[in-house]
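Undergrad:
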Amino acid sequence: MGLHDLHPHIRWTPKKMALSLVFTTIIMIATLLVTKKTPNGYIHMGNAFVLLVSLYFGPELSIVPVALGSCLADLALRMPEWALFTLFIKGTMAFIMCAISRRRPRLKLAATTTFAGAVVGSAYCVLMYTLASCFMAGSFSKWYIEAKWLLFEAVVGVILFYIFGFIIDKTKVYKMLYS
Numbered sequence: 022m023g024l025h026d027l028h029p030h031i032r033w034t035p036k037k038m039a040l041s042l043v044f045t046t047i048i049m050i051a052t053l054l055v056t057k058k059t060p061n062g063y064i065h066m067g068n069a070f071v072l073l074v075s076l077y078f079g080p081e082l083s084i085v086p087v088a089l090g091s092c093l094a095d096l097a098l099r100m101p102e103w104a105l106f107t108l109f110i111k112g113t114m115a116f117i118m119c120a121i122s123r124r125r126p127r128l129k130l131a132a133t134t135t136f137a138g139a140v141v142g143s144a145y146c147v148l149m150y151t152l153a154s155c156f157m158a159g160s161f162s163k164w165y166i167e168a169k170w171l172l173f174e175a176v177v178g179v180i181l182f183y184i185f186g187f188i189i190d191k192t193k194v195y196k197m198l199y200s
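To convert a position in the sequence shown, counted from 1, into our numbering, add 21.
Structure (structure tokens):
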């Protein structure tokens, strides 16, 4: 059984497999680079790259690398209790970004759907990590403590997404990778 048997609609070329590995590594490194410990987890700039990879490369090249890269970062930061939550939450965040932002014939960073995808995906991430944090703490009474850090992370992630996105748009690097 090969990769084509698992996803018959995707033509898995060596280039696509290599890109998936590169994206997994980028997400992991972006998550590990700048981290700040919070009461139940940590904040990082990896979400900006989750949004970028999801926008430019679609679900077939983003969902698994995003989920896996984020999960590996949790393991590298010695927070294995978050790994399964992260695998699901980040994979779904990438799917949400793809589903909302890629609904047009031509990809545009400045489109309303791109902004909506980034905001909805980030809001979903905040909500799910807040719920997961409360679940792991065994109490929903202090949900706002983790939520404020997650909201900060989401806002910074969307801002960085646009900063890096405009740089990527100007350099056309995504076209070189995917063509």
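Using N, Cα and C, we set each Cβ at its ideal position, and we do this for glycine too.
Could you tell me which of Tyr165, Pro101, Ala69 and Ser162 sits nearest to valine 55, measuring between CA atoms?
TA: Ala69
Undergrad: Using three-state DSSP, classify lysine 37 as helix, strand or coil.
TA: If DSSP states are grouped into helix, strand and coil, lysine 37 belongs with the helices.
Undergrad: What is the rounded straight-line gap between the Cα of lysine 57 and the Cα of phenylalanine 161?
TA: If you draw a straight line from the Cα of lysine 57 to the Cα of phenylalanine 161, it is about 22 Å long.
Undergrad: Who are the Cβ neighbours of aspartate 190 in its own chain at under 8 Å, not counting the five residues just before and after it?
TA: Leu130
Undergrad: Quick one: what does DSSP say lysine 163 is sitting in, helix, strand or coil?
TA: coil
Undergrad: Are the beta-carbon atoms belonging to phenylalanine 44 and serine 83 less than 9 Å from one another?
TA: In contact: phenylalanine 44 and serine 83 (Cβ atoms closer than 9 Å).
Undergrad: Pull the bridge partners of lysine 58 from the DSSP assignment, please.
TA: When beta bridges are read from the DSSP output, lysine 58 appears opposite Tyr63.
Undergrad: Considering methionine 6, what are the terminal residues of the alpha helix (DSSP H) in which it resides?
TA: For the chain, the structure presents residues 22 to 200; residue 6 sits outside this window and is missing.
Undergrad: Give every residue of the same chain whose Cβ lies closer than 8 Å to the Cβ of phenylalanine 187, excluding the five residues on either side of it in the sequence, and list them in chain order.
TA: Hits under 8 Å: Leu130.
Undergrad: Ordered along the chain, which non-local residues of its own chain (more than five positions away) have a Cβ less than 7 Å from that of lysine 196?
TA: none
Undergrad: Where does leucine 73 fall in DSSP's three states?
TA: helix
Undergrad: Please confirm whether threonine 134 and isoleucine 121 have their CB atoms less than 9 Å apart.
TA: It is a contact, given that the beta carbons lie within the stated cut-off.
Undergrad: Would valine 177 and methionine 66 be called neighbours here (beta carbons separated by less than 9 Å)?
TA: Contact: yes.
Undergrad: How many angstroms separate the CA atom of isoleucine 180 from the CA atom of lysine 169?
TA: So the alpha carbons of these two residues sit roughly 17 Å apart.
Undergrad: Where does lysine 36 land, buried or exposed, given buried means 16+ other C-beta within 10 angstroms?
TA: With fewer than 16 other CB atoms across the displayed protein chains lying within 10 angstroms of its CB, lysine 36 is exposed.
Undergrad: Note the first and the last residue of the continuous alpha helix (DSSP H) segment covering leucine 148.
TA: Leucine 148 -> alpha helix (DSSP H) spans 133 to 158.
Undergrad: Which same chain residues, not among the five before or five after cysteine 119, have their C-beta less than 6 Å away from its C-beta?
TA: For cysteine 119, where only same-chain residues beyond five positions count, the Cβ hits under 6 Å are Ser75, Gly79 and Pro80.
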